[in-house]
Amino acid sequence: MPAFATFARARRSLGPRTAVVLGSGLGGATAAFAERASVDFRNVPGLVLPSVQGHGGRLAVGTWAGVPALLFLGRLHFYEGLPWSVITGTVRVAAKLGATRIVLTNAAGGIHPALAPGGLMAIREHIKLLQPNSWRELASSGGPSGPYSRRLLELMQAHEARAGCELLAGVYAALTGPSYETPAEIRALAACGADAVGMSTAIEAEEAARLGLEVAAISCITNKAAGLSAAPLDHAEVLANAQLSVGRMGELLGRLIATPLRE
Ligand code: HPA
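Numbering (my numbering) for the sequence shown: 1158 to 1420.
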């Protein structure tokens, strides 16, 4: 039986309504996930295989602490040379497979002084510093408060507060990559109000909101952004530091998945 058909049968029997996209090196956040079936992105109509190390490119269905969930292990990026219409495929596939809520995660550099490696930031808003006119969907920014659900933001903060942590709800600056920023660019981003910087999520969030999904997004801070620490930045360090927060990230994801769907 073709891989997708097996996956699709498990998906139909479980009926997951929440999808999670796990970014760079965050696959370790899935301790509570019991996989029922999975399929490589290349066998999913509407997806292609990512080329970046640390991004598996697998779509799984199963239960997260008993609650059905869809899990995208890996994502596609603009810097892989892909158009936005392909990158946002994950979001459309999630919607087509019945998800009404999506949680996007990423690895990001911390700009806000409180955001150090191992930290998390719930995304409240974003700044898109992407190639001009590279995203042509209209009315996709998600309305006056943007694509991110206020309800899920508050829920994440309350969850972290119960665990004695403060979860910053911050502004994510989305750049195209693939190179990291210059220290001057980071100072400019800080002056523009950005709290963290990365190379994904913003367009996926907008596409998800356009499709009517409830959206939450979490940045896993893997490094201080360029110029804010003496350590040089590289992808291996980003992947290694992602492990510092996968446990806490996993707890937060479980809480979101277990939360009743929006009315
Ligand atoms: N900049 C951009 N993207 C990133 C970073 C960063 O510092 N860290 C992880 N992804």
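Every residue gets a Cβ at the ideal spot worked out from N, C-alpha and C, and that includes glycine.
Name the one or two DSSP bridge partners that Phe1190 has. Your numbering for residue 1190 matches position 33 in the sequence shown. Phe1190 is bridged to Trp1221.
Just how far apart, CA to CA, sit Ala1374 and Leu1228? As a working note, residue 1374 is residue 217 in the sequence shown. As a working note, residue 1228 is residue 71 in the sequence shown. Leu1228 has its alpha-carbon roughly 14 Å from the corresponding atom of Ala1374.
I'd like the list of long-range same chain contacts for Leu1171, defined as Cβ closer than 8 Å, with 5 residues on each side in sequence excluded. Within the sequence shown, the letter at position 14 stands for residue 1171. Scanning its chain for C-beta atoms nearer than 8 Å, with the 5 sequence neighbours on each side dropped, one finds around Leu1171 the residues Arg1193, Val1218, Gly1219, Thr1220, Pro1225, in chain order.
Going by beta-carbon coordinates alone, are Gly1327 and Met1356 separated by less than 7 Å? Sequence index remark: in the sequence shown, residue 1327 carries index 170 (1-based). Sequence index remark: in the sequence shown, residue 1356 carries index 199 (1-based). No, these two residues do not count as a Cβ contact at 7 Å.
Can you tell me whether Cys1377 is buried or exposed, with buried defined as 16 or more other CB within 10 angstroms of its CB? Here residue 1377 refers to the residue found at position 220 when the sequence shown is read from its first residue. Buried is the call here.
Based on the DSSP output, what are the partners of Lys1285 in its beta bridges? Here residue 1285 refers to the residue found at position 128 of the sequence shown. Answer is Ala1331.
If I follow the unbroken alpha helix (DSSP H) through Ser1376, where does it start and stop? Within the sequence shown, numbered from 1, the residue matching residue 1376 stands at position 219. Going by DSSP, Ser1376 is part of no alpha helix (DSSP H) but of the beta strand (DSSP E) stretching over 1371-1381.
Taking only beta-carbon atoms, is Thr1358 less than 7 Å away from chain C? In the structure shown, chain C does not exist; there is a single protein chain.
If I'm right that Ala1256 touches Ala1176 with Cβ under 8 Å, what's the distance once you round it to whole angstroms? Numbered from its first residue, the sequence shown carries residue 1256 at position 99. Numbered from its first residue, the sequence shown carries residue 1176 at position 19. The beta carbons of Ala1256 and Ala1176 sit about 4 Å from each other, so the pair counts as a contact at 8 Å.
Does the beta-carbon of Thr1339 have 16 or more other beta-carbons within 10 angstroms, so that it is buried, or is it exposed? Position 182 of the sequence shown, counting from 1, holds the residue named residue 1339. Classification for Thr1339: exposed.
Does at least one heavy atom of the ligand HPA sit under 6 Å from the Cβ of Thr1333? Your numbering for residue 1333 matches position 176 in the sequence shown. Thr1333 Cβ: outside cutoff for every heavy atom of the ligand HPA.
For Ala1353, report the span of its beta strand (DSSP E) as first-last. Locating residue 1353 in the sequence shown gives position 196, where the first residue counts as 1. Counting along the chain, the beta strand (DSSP E) containing Ala1353 begins and ends at 1353-1355.
Give me, in chain order, the residues of the same chain whose beta-carbon lies closer than 6 Å to that of Glu1317; leave out the 5 immediate sequence neighbours on both sides. As a working note, residue 1317 is residue 160 in the sequence shown. Excluding sequence neighbours, Glu1317 sits near Leu1324.
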